[in-house]
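Working notes for the structure below.
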DNA sequence: GCACTATATCGGTGTTCGACGATTAAAGAG
DNA sequence: CTCTTTAATCGTCGAACACCGATATAGTGC
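Residue numbers (this note's numbering), protein chains in the order written: chain A, 1 to 108; chain B, 1001 to 1108.
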């Protein structure tokens, strides 16, 4: 995963409202939430929530499924797993005691 | 770790240049980098690099140590470990098959 | 076709970001 | 004390963000 992509995902997750939305979608995995559901649990206008959802969509973290008259959103688990791995790699790389470039390579 | 704090850290890390700076500081842990060192390895003005460093400082991810006429920066490892843990918790919470609120609590 | 619901998008506003050059501040060297 | 180095800060500018209300779009049911 490229730094550019990882940074983009981090920025997408770098807002408390969007973290809340992600957690809510995770909690309601069985019967996915639509935009109205999310809006009703947040003190924000519908248009604002829709924009936050778009940010998460653009970052590839969630996906939309048209379901009748409403759009349901679900987490993209494989993508999240990849991000998780990239984050783990980042932090372990940062925290490793002697992370000189060539050593970093052999451990990557 | 609160969502607000986690989101702040994510946003701080949500820029390719800042990821580069973090990796560079990790690689040069033995003899810490100063602002000039970082500037010389990036195609950016000194003031711009200084501002990126300030963002990382404000997020608590790095710390400054005055060393003679220059300021050296080092990673705050304990903090990074906490962030790593929070990220791991976030992603595992998101990816868990049935992450209802009370179950999420008992696993946190 | 018409009303209704759900939601994406548009336009506007105020704030923050990312970048720069220029200036200031502070420590060392002479 | 002055000169140099280092780096933080200031002022500016355009772009992006966060929020809102209002408008458009699209599917459902009649």
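All C-beta atoms, glycine included, are put in the ideal place defined by N, C-alpha and C.
{"Item": "Verify whether the separation of the beta carbon atoms of residue 19 of chain A and residue 1006 of chain B is less than 8 Å.", "Value": "yes"}
{"Item": "Check whether the Cβ of residue 11 of chain A lies closer than 8 Å to any Cβ atom in chain B.", "Value": "yes"}
{"Item": "Listing by chain order, which chain B residues have their CB less than 9 Å from the CB of residue 15 of chain A?", "Value": "1007, 1010, 1011"}
{"Item": "Contact between the segment 1081–1097 of chain B and the segment 1027–1041 of chain B is defined here as three or more beta-carbon pairs at a separation below 8 Å; is this criterion met?", "Value": "no"}
{"Item": "Run down chain A in chain order and give the residues with a C-beta less than 9 Å from the C-beta of residue 1057 of chain B.", "Value": "Those within 9 Å of residue 1057 of chain B in chain A number zero; the least Cβ separation is about 16 Å."}
{"Item": "Quick check on the DSSP output: the beta strand (DSSP E) that includes residue 1031 of chain B runs from which residue to which?", "Value": "Where residue 1031 of chain B is concerned, there is no enclosing beta strand (DSSP E), given that its DSSP letter is neither H nor E."}
{"Item": "Tell me the rounded alpha-carbon separation between residue 1062 of chain B and residue 94 of chain A.", "Value": "11 Å"}
{"Item": "Rounding to the nearest angstrom, what Cα-Cα distance links residue 950 of chain B and residue 11 of chain A in this structure?", "Value": "Here chain B covers residues 1001 to 1108 and nothing more, so residue 950 of chain B does not appear."}
{"Item": "Only counting runs of 3 or more residues, tell me where the beta strand (DSSP E) segments fall wholly within the segment 49–75 of chain A, in order along the chain.", "Value": "62–67, 70–75"}
{"Item": "Closer than 9 Å by beta-carbon distance: list the chain B residues that pair up with residue 84 of chain A, in chain order.", "Value": "1087, 1088, 1090, 1091, 1092, 1094, 1095"}
{"Item": "Less than 8 Å between CB atoms is the rule here; does residue 4 of chain A satisfy it with respect to chain B?", "Value": "yes"}
{"Item": "Among A:97, A:39, A:74, whose alpha-carbon lies nearest the alpha-carbon of residue 66 of chain A?", "Value": "A:74"}
{"Item": "Would you please verify whether the beta carbon of residue 77 of chain A is less than 8 Å from any beta carbon of chain B?", "Value": "yes"}
{"Item": "Does the separation of the CB atoms of residue 58 of chain A and residue 1016 of chain B fall below 8 Å?", "Value": "no"}
{"Item": "Can you find the residues in the same chain that come closer than 6 Å, C-beta to C-beta, to residue 72 of chain A, ignoring five residues on each side of it along the sequence?", "Value": "32, 34, 65"}
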